[in-house]
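To start, the structure itself, in structure tokens.
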Amino acid sequence: MNELGKLHQLIIPFLGHDMTFNIEPIIMSWIVFAAILVFGYLAVKKRDIIPGKLQVIGELFVDQLSTLAVDSLGEEIGKKYAPLTCALFMFLMLSNWLGIIPHLEEPTKDLNTPLALGIMGFCIAHYMGIKVKGFKQYMSAYFEPIFFMMPLNLIGEIAKVISISFRLFGNIMGGSIIILVVSYLTYSIILPPFLNAFFGLFVGTIQAFVFTMLTIVYISVQVQ
Amino acid sequence: MVYDIEIWAKVAAFSGAGLAMGLGATGVAVGEGYTAGKANEGIARNPEMAGDIFKSMLVGQAVAESAAIFALVVAMILLFSSFTADSFITVIVLFSSGMCIGFGAIGSGIGSGFPAGEACLGMARQPEASTSLVTNMLIGSAVCQTPSIFALMTSFALLFSNFSQSPVSPTWAAVLGAGLASGIGAIGSGVGGGLVAGASCEGVARTPSTVSLLTKAMLLGQAVTQTTAIYGLLVGFILLFKTFPASDSIVPAMALLAAGLCMGIGAIGPGIGEGSTAGSAVKWIARNEDSSGVILRMMLVGQAVAESTGIYALVISLVLIFVV
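Respectively, the protein sequence lines represent chains F and E.
Everything in the first sequence is counted per my numbering, starting at 1 for the first residue and increasing by one.
Everything in the second sequence is counted per my numbering, starting at 225 for the first residue and increasing by one.
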């Protein structure tokens, strides 16, 4: 029970500031990167008209997520952002699944990971908004419906980043706390595998999809 | 009789446990009753499907029940763990964590009854779509649980944080406010998410071919509906983890309490409102698949406008925390 909220941190003084690194999420993210790279390599090693098992899974990911991106962003921008969509979903899904392996934990359990991805989505959305609509029209969106709504529109945009990242963080962190507490209360008998399947595999996949879809939708709101 | 701090901590733990389970049972019971009612309606329409409908009713109710189980877990911890009460803050913390999960379980309990009920009725109307209905229902009601998971997180954060270094005077109000913001804030989003998921199950039963589109629209609608619950969680976490300077005056304490109340109550309306927006959108996508793009865009704009009141509440509670 005491390991709740414990975190290993590496603090490096840099130019008069302390740079803090949370070691566990970093290592766990690297494990996820490695797993995705290995999967990608194995999936395309023997490309064939009659696909192997891994190639089918890979094609499924690429096909479904490119369709999602093209549907909401249109043909041109959608094709450009399809790889991002695909990578984001695969990373988040594997991250959320990682917790079901003993001694590993989800990188998304640390708020920094979802927040970084949320800020990334925010930057891309606003960059695309300025690029597609032009700076003037982009700015005028903030002064709708009346000019004095500007501060609230601004807060609304920033709140999007907070809501997208807290949603993922809250679900994954909440799930892992529930698993920890219930395992502690029941002395790890019977229940934890089911909880892991529900919170890790099921909720994890749904939340990864929700995060990916919201990122795409935020871009499409700016573009249209 | 002398009441020392240990006794008060026990009192707070017991009343917190009572609140957690009492409030937590309310919403879930309403939701499950709705499910069972719809299942009866479905069986009356199509008695041959009685077995399948019964099974999916039980599955749906089991998922809806998880909100009550969260409350039960917190109530058990409050009843059977021994807490070292080092100051008056512990007393408030125990009460607040029970109250938080109690309120937080109401919305998700009511909400996840809707998709289960609509799925049961849908199975009677469209037996071929049973599998996709059950899948859609499970996804919908799992996402409905999110607000109660947020409340549970705040509850546990309250229970297992160390407040022994914090000054008593404003901190007691901060921990009470955190429980209120996160707990009450979860009610609206839970109900709203349920409305969306229910509409989506109804839509799948009406037009089974649109199931993947409907699931996507449902997830999007629910995600946006949960935004205000996330604001509640955010305000709760700020109140929990920010250190406030000690003060003998009652004013800062009341400001923090008001911040929690403001965000909590302010999040109810937008949650339900956005849920009914997204519910109608999903319902009409099932009837008019070709216009799904424009319906979704309209839904997002409508939800953004409905959410602006939640943002007012967020702004005021942040002002109360950081400025006043």
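The beta carbon of each residue, even a glycine, is placed where N, CA and C say it ideally should be.
- With respect to residue 345 of chain E, residue 279 of chain E sits apart: the two C-beta atoms are not nearer than 7 Å.
- In terms of beta-carbon proximity, residue 196 of chain F stays away from the interface with chain E, with every pair separated by 7 Å or more.
- Secondary structure note for residue 21 of chain F: its beta strand (DSSP E) is the uninterrupted segment 17-22.
- Using a Cβ-Cβ cut-off of 7 Å, residue 544 of chain E does not count as an interface residue toward chain F, since no Cβ of chain F sits closer than that to its own.
- Spatial neighbours of residue 273 of chain E in its own chain (CB-CB distance under 6 Å, excluding positions within 5 residues in sequence) are listed in chain order as 347, 348 and 351.
- Taking one beta carbon from each stretch, the segment 177-192 of chain F and the segment 391-399 of chain E have fewer than 3 pairs nearer than 8 Å; the two do not touch.
- At a cut-off of 7 Å, the C-beta of residue 166 of chain F has a neighbouring C-beta in chain E.
- For residue 377 of chain E, the nearest CB of chain F lies under 7 Å from its own CB, placing it at the interface with that chain.
- Its chain contains 420, 502, 505, 506 and 523 as the residues whose beta carbon lies nearer than 7 Å to that of residue 445 of chain E, once the 5 sequence neighbours on both sides are disregarded; these appear in chain order.
- The alpha-carbon separation between residue 178 of chain F and residue 481 of chain E amounts to approximately 27 Å.
- Residue-level contact check: residue 203 of chain F touches chain E, since one or more beta carbons of chain E fall below 7 Å from its beta carbon.
- Within the segment 434-495 of chain E, the alpha helix (DSSP H) runs of at least 4 residues that lie entirely inside it are, in chain order, 435-449, 451-465 and 475-490.
- Taking CB atoms only, residue 163 of chain F has a neighbour in chain E less than 7 Å away.
- For chain F, the residues of the segment 283-308 of chain E that bring a beta carbon within less than 8 Å of one of its beta carbons are 294, 297, 300 and 301, in chain order.
- Annotation: the continuous beta strand (DSSP E) that includes residue 12 of chain F extends over 9-14.
- For residue 537 of chain E, the uninterrupted alpha helix (DSSP H) segment begins and ends at 516-546.
- Its chain contains 452, 530, 531, 533 and 534 as the residues whose beta carbon lies nearer than 6 Å to that of residue 494 of chain E, once the 5 sequence neighbours on both sides are disregarded; these appear in chain order.
- Within the model, the alpha-carbon separation for residue 381 of chain E versus residue 304 of chain E is close to 18 Å.
- For residue 211 of chain F, the enclosing alpha helix (DSSP H) starts and ends at 204-223.
- Under the DSSP assignment, residue 386 of chain E falls outside any alpha helix (DSSP H); it carries neither an H nor an E label.
- Take the alpha-carbon of residue 104 of chain F and the one of residue 215 of chain F: they are about 27 Å apart.
- A Cβ-Cβ separation of about 28 Å leaves residue 309 of chain E out of contact with residue 373 of chain E under the 8 Å criterion.
- The alpha-carbon of residue 173 of chain F is positioned some 17 Å away from that of residue 462 of chain E.
- DSSP places residue 184 of chain F inside the alpha helix (DSSP H), whose first and last residues are 150-185.
- Contact check for residue 361 of chain E against residue 375 of chain E fails: the beta carbons are separated by 7 Å or more.
- Taking C-beta atoms as the reference points, residue 212 of chain F and residue 85 of chain F count as a pair closer than 7 Å.
- Per DSSP, the continuous alpha helix (DSSP H) segment holding residue 57 of chain F begins and ends at 53-73.
- At least one beta carbon of chain E lies nearer than 7 Å to the beta carbon of residue 177 of chain F.
- A residue is called buried when at least 16 other Cβ atoms come within 10 angstroms of its Cβ; residue 136 of chain F does not meet this threshold and is exposed.
- Residue range 191-195 is occupied by the alpha helix (DSSP H) that includes residue 192 of chain F.
- Contacts with chain F at 7 Å (Cβ-Cβ) include residue 380 of chain E.
- Interface with chain F (7 Å Cβ-Cβ cutoff): residue 374 of chain E is included.
- DSSP places residue 265 of chain E inside the alpha helix (DSSP H), whose first and last residues are 229-269.
- The C-alpha of residue 116 of chain F is placed about 21 Å away from the C-alpha of residue 14 of chain F.
- Of the candidates E:364, E:490, E:321 and E:439, E:321 places its Cα closest to the Cα of residue 239 of chain E.
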